[in-house]
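Report on the following structure.
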Amino acid sequence: MSVLMPKPSEAILQRRAAIVGALKAIVPGEGVVDSTNEMRAFESDGLTAYRQLPLVVVLPDTVEQVAKVLKYCHANEIPVVPRGSGTSLSGGALPLQDGVLLVLSKFNRVLEIDFDNRCAVVQPGVTNLGITHAVAHRGFYYAPDPSSQIACSIGGNVAENSGGVHCLKYGLTANNVLGIEFVTIEGEIVRLGGKHLDAEGYDLLGLMTGSEGLLGVVTEVTVRILQKPETARAVLIGFPTSEQAGECVAAIIAKGIIPGGMEMMDRPAILAAEDFVHAGYPTDVEALLIVELDGPAAEVDHLLAEVEAIAKATGCVTAKVSESDEERAAFWAGRKAAFPAVGRISPDYYCMDGTIPRKELPKVLAGMKAMSEKYGLRVANVFHAGDGNLHPLILYDANKEGELHRAEEFGNDILKLCVAVGGVLTGEHGVGVEKRDLMPEMFDETDMKHQQRVKCAFDDKHLLNPGKVFPTLHRCAELGRMHVHKGQVAFPDLPRF
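Count along the sequence shown from 1, then add 748; that gives the number in the numbering used here.
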């Protein structure tokens, strides 16, 4: 499968040997990978339908090396694609034929744990789950928990503003990052935020979180850590229809109850996960909710009773409350293993990521069912039900002619429906190349030009991760530019109020 990316620069390709030599001088030893066979390991990210060998791969191990690499690429107008663990599901780390792939996997150290200020300073290559492991001995943890948390890096989480099953109560990455260090394309090292709760001036930290590698390369992250709650219990609730499960989600939130996590799975996902993990899921229901309540024991017991009453009122046919931490972990293990579990029942699957208002869930589920029949492809659904983040898994076989194309068209229609009902194109996977050409469904030309003005303020030559997010690039001189320097941004060409 190929995707339309910026046309490779012949001049860069012709001087590849000189570029490789210059990069080896900056990152000596085994820090530069330039053979075709060795670069195969980096030709795609988690969206494996798209593949492209990079010009060269660089694996620096110091911030100074990152700065020198970026400064060299800027001076020589060489595109750069930042990459963490490569678990992106939107093609955000897809390499370029004429671009340097800057891999940060060697930045894998926990630099500081400050329990007094409840934060940790880590390098971007530390895995999401690795942060929790580093602080668990004192009863702390890092709250955002994507399903890929055992592998995904915190730097990648910052790039995509990742969420997870507990983001309903504890927030996305943006709500749990206090500060970052990043390097601009010119090689300038910039710090935003720190251990304090709020930074002064413009919210550049919020701007960088979720910027998908278009504005700078993150080299350090300060995250908030939380104390584990006194009690946490989960309940499995089965329903005869997905619509009833959706009604239960809305009723729980309307009651003013904010669970630690609230996830939904439909029958195909339930069966796949149960067969894979043996989590104790009921297999005779059409939809399953996993609702977790945490806090003081008395509060948890009270809220569990409230949730069970709501579930019964909305038509549940089974409800099972965890009786131990081990059983609660098993409930979540099935949900977190849903993606690999579905991989056991289909040669390939295409994982979508749209977000909708919770009240529109029945309508969107009905729409996806009709689309499944239209395209002749099965779909398994797993949702971050509490915040309306959908992850439909479209099942297909890439070896069968036309199935990948149908899967992509199916996915496009799902995302268009999400926008049509008042939702957005992505909840946590990012736009990347996957949703790039759907941006006009959500933004008009004026919106996208404003977004590109921000891009131009940080990267006036469009060298950082080009070909991602924006379906059409405009020259910075045509847009009226912002300027950024040492964490400050100015808007000289925009009207002042």
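Note that beta-carbon positions come from the ideal geometry of N, C-alpha and C, so glycine has one too. Owing to the predicted nature of the structure, the values given are computational and were not obtained by experimental measurement.
In angstroms, rounded to a whole number, what distance separates the CA positions of glutamine 762 and valine 848?
Looking at the two C-alpha atoms, the distance is approximately 14 Å.
Cutting at 8 Å between CB atoms, please list the residues of its own chain near leucine 916, excluding the five before and the five after it.
Excluding positions up to five away in sequence, the list reads Ile1006, Pro1007, Gly1008, Gly1009, Met1010, His1132, Gly1134, Asp1135.
In its own chain, which residues sit with a C-beta less than 8 Å from the C-beta of tyrosine 1144, not counting the 5 before and 5 after it?
Result list for tyrosine 1144: Ser1094, Pro1095, Asp1096, Tyr1097, Tyr1098, Leu1125, Glu1151, Leu1152, Arg1154, Ala1155, in chain order.
So within the segment 994-1055, which uninterrupted alpha helix (DSSP H) runs reach at least 4 residues, ignoring any that extend past its ends?
You should have 1015-1025.
How should proline 1214 be labelled, buried or exposed, when 16 other C-beta atoms within 10 angstroms of its C-beta is the threshold for buried?
So proline 1214 counts as buried.
Could you name the residues that DSSP lists as bridge partners for glutamate 929?
Bridge partners of glutamate 929: Arg939, Glu968.
What are the start and end residues of the alpha helix (DSSP H) that includes histidine 1198?
First-last of the alpha helix (DSSP H) with histidine 1198: 1193-1206.
For proline 1030, which option in Leu1041, Glu995, Val983, Val1048 has the closest C-alpha, if you only look at C-alpha atoms?
Comparing Cα-Cα distances from proline 1030 to each of Leu1041, Glu995, Val983, Val1048, the minimum goes to Val983.
Shortest alpha-carbon distance to methionine 787 belongs to which of Glu929, Leu807, Phe888?
Taking only the C-alpha atoms, the option nearest methionine 787 is Leu807.
Looking only at its own chain, which residues have a Cβ that is under 8 Å from the Cβ of valine 804, when we skip the five neighbours before and after it?
Cβ neighbours of valine 804 beyond the five flanking positions: Arg764, Ile767, Val768, Leu771, Val780, Val781, Asp782, Met787, Val848, Leu849.
Could you give the DSSP three-state label for phenylalanine 1158: helix, strand or coil?
Helix at phenylalanine 1158.
Ignore the nearest five residues each way along the sequence and tell me which others in proline 872's own chain have a CB closer than 8 Å to its CB.
The answer, listed in chain order, is Gly832, Leu852, Phe855, Ser901, Ile902, Gly903, Gly904, Val906, Val966, Thr967, Glu968, Val969.
Less than 8 Å between the CB atoms is what I'm expecting for serine 838 and leucine 795, so what's the real figure, rounded?
Indeed, because the Cβ distance is near 6 Å, the residues count as touching under 8 Å.
Leaving out five residues on either side along the sequence, give the residues of the same chain with a beta carbon under 6 Å from the beta carbon of lysine 976.
The answer, listed in chain order, is Gly887, Tyr889.
Just to confirm my understanding: we take aspartate 1073, look at its own chain, exclude 5 residues before and 5 after, and list those with CB closer than 8 Å. What are they?
Excluding positions up to five away in sequence, the list reads Ala980.
Of all the options Phe1087, Gln1199, Ala1168, Phe1158, which has the alpha carbon lying nearest to the alpha carbon of glutamate 1182?
Ranking the options by Cα distance to glutamate 1182, first place goes to Phe1158.
Tell me the start and end of each unbroken alpha helix (DSSP H) in the segment 757-821 that is at least 4 residues and wholly inside, in chain order.
Whole alpha helix (DSSP H) segments, 4+ residues: 758-762, 764-774, 784-787.
At a cut-off of 6 Å, is valine 848 close to the ligand GDP when judged by its beta-carbon and the heavy atoms of the ligand?
Among the components modelled here there is no ligand, and therefore nothing to report on the ligand GDP.
Please state whether DSSP places phenylalanine 1079 in a helix, a strand or coil.
In the structure shown, phenylalanine 1079 sits in a helix (DSSP, three-state: H, G or I).
Please look up how many angstroms separate the CB atoms of valine 829 and alanine 841, rounded, as I've assumed it's under 8 Å.
Contact flag correct, Cβ pair sits at about 6 Å.
For proline 827, which three-state DSSP category applies?
Residue state, collapsed to three classes: coil.
To the nearest angstrom, how far is it from the Cα of glutamate 1193 to the Cα of glutamate 991?
Their Cα atoms are separated by approximately 36 Å.
Can you give me the start and stop residues for the beta strand (DSSP E) that glutamate 1189 sits inside?
Here glutamate 1189 belongs to no beta strand (DSSP E); instead the alpha helix (DSSP H) covers 1187-1190.
Alanine 1128 and alanine 1085: beta carbons closer than 7 Å?
No, these two residues do not count as a Cβ contact at 7 Å.
Counting only the same chain and skipping the five closest in sequence on each side, list residues whose C-beta sits under 6 Å from that of asparagine 1137.
For asparagine 1137, where only same-chain residues beyond five positions count, the Cβ hits under 6 Å are Thr1103, Gly1175.
Put cysteine 1099 into one of helix, strand or coil per three-state DSSP.
Strand, per DSSP.
Whose C-alpha, out of Asp1014, Leu844, Ser836, Gly911, is nearest the C-alpha of lysine 1117?
It is Asp1014.
Can you give the Cα-Cα distance for isoleucine 928 and glycine 954, rounded to whole angstroms?
Distance between the alpha carbons of isoleucine 928 and glycine 954 is about 10 Å.
Quick one: grab the DSSP three-state call for glutamate 860.
In this structure, glutamate 860 counts as strand in the three-state DSSP scheme.
Should the segment 954-964 be called in touch with the segment 866-881, which here means at least 3 C-beta pairs below 8 Å?
Not touching, per the Cβ criterion.
What's the gap between the Cα of glycine 1178 and the Cα of glycine 777?
Rounded to the nearest angstrom, the two C-alpha atoms are 34 Å apart.
Helix, strand or coil: how does DSSP classify asparagine 1259 here?
The question about residue 1259 has no answer, for the chain in this structure spans 749 to 1245.
Quick test of the definition: if touching needs 3 or more C-beta pairs under 8 Å, does the segment 1163-1170 touch the segment 819-829?
No: the two stretches stay apart, fewer than three of their Cβ pairs being nearer than 8 Å.
Rounding to the nearest angstrom, what Cα-Cα distance links glutamate 1108 and proline 756 in this structure?
For glutamate 1108 and proline 756, the distance between alpha carbons rounds to 43 Å.
By the DSSP assignment, the beta strand (DSSP E) with leucine 1221 in it spans what residues?
Counting along the chain, leucine 1221 falls outside any beta strand (DSSP E), and DSSP gives it neither H nor E.
Given that a residue counts as buried once 16 or more other Cβ atoms are within 10 Å of its Cβ, and exposed if not, what is isoleucine 898?
With fewer than 16 Cβ atoms within 10 Å of its Cβ, isoleucine 898 is classed as exposed.
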